[in-house]
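Below is one structure; the comments refer to it alone.
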Amino acid sequence: MPRSPSLALLAASALALPLHAQVPADTAPVSCSSCAEWNQPQRPFRVFGNTWYVGTHGLGAILVTSPRGHVLIDAALPQSAPLVMANVRALGFRVEDIRLILNSHVHFDHAGGLAAVQRVSGARVAASASSARVLERGASGPDDPQYGSLPGFPAVRGPVQVVADGETVRVGDLALTAHATPGHTPGGTTWSWRSCEGERCLDLVYADSETPISADGFYFTRNTTYPGIVADFERGQAVLERLSCDVLLTPHPGASSLFERLAARDAGAPDAFVDRAACARYAATAREALARRLAEERAKLGG
Ligand SMILES: [Zn+2]
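Laid out in structure tokens, this is it:
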């Protein structure tokens with residue numbers, strides 16, 4: 089991470105500001121080995137129709153807009169929230185018009201910025217039952233395979249609206265459907281919706297992370313805190329395989345080659361984001377990763 093002299097200057101100038109102008113607590117930076125790289129700014133852009141990318145260069149945030157209010161999915165790190173909100177404004181939308189905030193999964197790198205966006209927008213937050221509890225607490229519990237190895241994040245103001253698997257949430261004409269894709273976290277959720285440009289409509293999918301990782305000492309095949317984890321991963325992968333999916337988006341944009349596709353579109357391929365097989369391929373990659381993880385565990389545990 090570059091050690092910039094401007095940071096010291098920033099800190100000094102913050103001290104000189106009146107209290108209310110200082111960095112709000114809910115955007116205070118979390119530190120992690122990838123955080124600086126993840127938080128590189130990114131010019132926002134239209135994905136398709138009323139769907140926009142407003143995340144940082146390393147962490148996804150998706151805005152779906154309508155004349156009667158917008159939906160935001162994910163807001164990256166706490167320190168990403170100002171970048172995400174600036175991106176929303178740069179596109180000509182008002183943060184105050186975000187009516188509903190959704191989340192892929194309750195880790196600091198995707199849920200960290202939600203509290204700040206909620207504070208500014210006043211939007212309601214909706215999530216799976218398991219995720220709702222974590223969002224209200226700002227910390228995951230022992231059923232998170234990475235419990236104890238990840239930083240917490242600013243809690244959102246409750247109560248979080250609980251959304252069931254398969255339920256559709258609405259803002260004006262916008263309708264986004266929740267698909268339970270647990271495993272990476274117990275409450276992990278994939279969101280799907282339809283966006284149109286004129287007569288042409290596409291099914292968009294923001295597929296949750298499928299990486300089968302854990303804190304040291306947590307075994308997928310031998311644990312008491314999330315015993316259903318393997319079956320959950322498999323259930324989520326089957327969901328991703330079946331979803332109608334024209335455009336795949338992911339919380340880590342690299343997992344769906346977002347910027348390669350953007351470059352291809354900028355170079356003159358108008359449909360570079362469209363790939364009917366992308367979700368099935370994403371599911372297949374996830375299956376392979378899970379199989380590798382289970383093989384490693386078997387080797388380690390001698391089972
Ligand atoms: Zn995660």
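Residue numbers for the sequence shown follow the working numbering, beginning at 89 and rising by one.
All C-beta atoms, glycine included, are put in the ideal place defined by N, C-alpha and C.
Short Cβ contact (7 Å threshold) for residue i with residue j
| i | j | result |
| --- | --- | --- |
| Ala203 | Pro242 | yes |
| Val88 | Leu151 | The structure shown has nothing for residue 88, since the chain only spans 89 to 391. |
| Leu190 | Trp140 | no |
| Gly271 | Phe321 | yes |
| Leu378 | Pro300 | yes |
| Ser168 | Glu184 | no |
| Leu160 | Ile186 | yes |
| Ser345 | Leu262 | no |
| His145 | Asp296 | no |
| Ala163 | Ala149 | yes |
| Asp291 | Ala268 | no |
| Phe361 | Arg349 | yes |
| Phe196 | Val118 | yes |
| Ala227 | Val248 | no |
| His198 | Pro339 | yes |
| Thr313 | Pro230 | yes |
| Ala366 | Leu389 | no |
| Ala355 | Glu329 | no |
| Asn138 | Ser280 | no |
Per-residue DSSP class, three states only, for residue i
| i | result |
| --- | --- |
| Leu264 | strand |
| Ala383 | helix |
| Ala214 | strand |
| Thr278 | strand |
| Asp296 | coil |
| Leu378 | helix |
| Pro93 | Its pLDDT being 45, under 50, Pro93 is placed unreliably in this model, and the value from its coordinates should be taken loosely. If DSSP states are grouped into helix, strand and coil, Pro93 belongs with the helices. |
| Tyr370 | helix |
| Asp231 | coil |
| Leu363 | What sits at residue 363 in the sequence shown is Asp, not Leu. In the structure shown, Asp363 sits in coil (DSSP, three-state: anything other than H, G, I, E or B). |
| Asp114 | helix |
| Ser101 | Bear in mind that the predicted position of Ser101 carries a pLDDT of just 48, short of 50, making it too unreliable to give a figure here. |
First through last residue of the beta strand (DSSP E) which encompasses residue i
| i | result |
| --- | --- |
| Ser218 | Unbroken run through Ser218 is the alpha helix (DSSP H), Ala217 to Arg225; no beta strand (DSSP E). |
| Ile189 | Ile186 to Leu190 |
| Arg134 | Phe133 to Phe136 |
| Arg258 | Thr256 to Val259 |
| Leu238 | Per DSSP, Leu238 belongs to no beta strand (DSSP E) and is neither H nor E. |
| Val335 | Val335 to Leu337 |
Where the alpha helix (DSSP H) through residue i begins and ends
| i | result |
| --- | --- |
| Cys123 | Cys123 to Trp126 |
| Asp354 | Leu346 to Asp354 |
| Val318 | Ile317 to Arg330 |
Member of the options whose CA lies at the smallest distance from the CA of residue i
| i | options | result |
| --- | --- | --- |
| Leu331 | Val111, Gln128, His340 and Tyr370 | Tyr370 |
| Val293 | Gly275, Val327 and Val118 | Val327 |
| Ser237 | Ser302, Ala351, Ala355 and Cys367 | Ser302 |
| Val251 | Trp281, Arg225, Arg245 and Ser218 | Ser218 |
| Glu298 | Leu346, Arg381 and Arg131 | Arg381 |
| Cys289 | Ser345, Thr115, His195 and Phe136 | Phe136 |
| Asp334 | Glu287, Asp359 and Leu389 | Asp359 |
| Leu165 | Arg182, Ala113 and Leu188 | Ala113 |
| Ile317 | Gly275, Val244, Ser283 and His340 | Gly275 |
| Glu125 | Glu287, Pro341 and Gly246 | Pro341 |
| Ala266 | Thr273, Phe308 and Thr277 | Thr277 |
| Asp304 | Thr338, Pro132 and Glu385 | Glu385 |
| Val172 | Ala366, Arg212, Arg131 and Arg282 | Arg131 |
| Gly201 | Phe308, Arg156, Gly143 and Asp232 | Gly143 |
| Val257 | Phe181, Thr273 and Leu188 | Leu188 |
| Gln128 | Asn138, Pro170 and Val111 | Pro170 |
| Arg207 | Gln234, Arg225, Gly246 and Ser122 | Gly246 |
| Ala83 | Glu255, Arg156, Gln234 and Asp232 | Not covered by the structure: residue 83. The range shown for the chain is 89 to 391. |
| Tyr307 | Leu264, Tyr235 and Trp279 | Tyr235 |
| Thr115 | Val205, Ala351, Ala372 and Trp281 | Val205 |
| Thr309 | Arg182, Ser121, Ser283 and Ala387 | Ala387 |
| Phe347 | Cys123, Cys120, Phe133 and Ser122 | Phe133 |
| Ala343 | Ala372, Val111 and Ala319 | Ala372 |
Problem set entry | Chain-ordered residues, beta carbon under 6 Å from a heavy atom of ligand 3 | Within the structure as shown, ligand 3 is missing, the only ligands being ligand 1.
Exercise. Counting only runs that start and end within the region 138-212, where is the beta strand (DSSP E) found for 3 or more residues in a row?
Worked result: Restricted to the region 138-212, the beta strand (DSSP E) segments that are unbroken, complete and at least 3 residues in length are 139-141, 150-152, 158-161 and 186-190, listed in chain order.
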